[in-house]
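S.K.:
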Amino acid sequence: MKIKKNDIVKVLAGKDRGKQGKVLKIFPSKNKAIVEGINYVSKHARKTQDNPKGGIVHREGLIDISKLSIVCARCGKPSRAGFNVLPDKSKVRICRACREII
Numbered sequence: 001m002k003i004k005k006n007d008i009v010k011v012l013a014g015k016d017r018g019k020q021g022k023v024l025k026i027f028p029s030k031n032k033a034i035v036e037g038i039n040y041v042s043k044h045a046r047k048t049q050d051n052p053k054g055g056i057v058h059r060e061g062l063i064d065i066s067k068l069s070i071v072c073a074r075c076g077k078p079s080r081a082g083f084n085v086l087p088d089k090s091k092v093r094i095c096r097a098c099r100e101i102i
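Reading the sequence shown from the start, the letters are residues 1 to 102 in this note's numbering.
1) What number of angstroms, rounded off, separates the C-alpha of isoleucine 3 from the C-alpha of isoleucine 70?
2) With a 10 Å radius around its C-beta and 16 neighbouring C-beta atoms as the bar for buried, classify proline 78 as buried or exposed.
3) Alpha carbon to alpha carbon, what distance is there between proline 52 and lysine 32?
4) Report the rounded CA-to-CA distance for arginine 59 versus proline 87, giving the unit in angstroms.
5) By how many angstroms is the C-alpha of lysine 47 removed from the C-alpha of alanine 73?
6) With H, G and I counted as helix, E and B as strand and the rest as coil, what does DSSP make of isoleucine 65?
7) How many Å lie between valine 41 and lysine 89 at the Cα?
8) In terms of residues, what are the limits of the beta strand (DSSP E) holding arginine 96?
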């Protein structure tokens, strides 16, 4: 999987197209992610001791990974991620646009 936790990503499609956010959690089996500030959904919350009022709670929902693109720290543009093997045999992700390590 080319997108990992704590990556900064840009949304390519959907109601939040063009927005950027930080990946909070990845679900590889579902091919989905939760991104900070993206794809808010309304959830009805029951009254509890922690939340005595209950009501409607807004929180981030799942978004498909195919709709996300990694934002390169160096060039600042959303780009596809590639892989490169370093001389010490370690595999790293690189930005396809500027060839910088992500």
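For glycine and all other residues, C-beta sits at the position ideal for the given N, C-alpha and C. Computed from a prediction, not measured in an experiment: that's the story for all the values here.
M.R.: To lay it out plainly:
1) Distance between the alpha carbons of isoleucine 3 and isoleucine 70: 7 Å.
2) buried
3) 32 Å
4) Across the structure, arginine 59 and proline 87 are spaced so that their CA atoms are roughly 43 Å apart.
5) 43 Å
6) helix
7) 43 Å
8) Arginine 96 -> no beta strand (DSSP E), and no H or E assigned at all.
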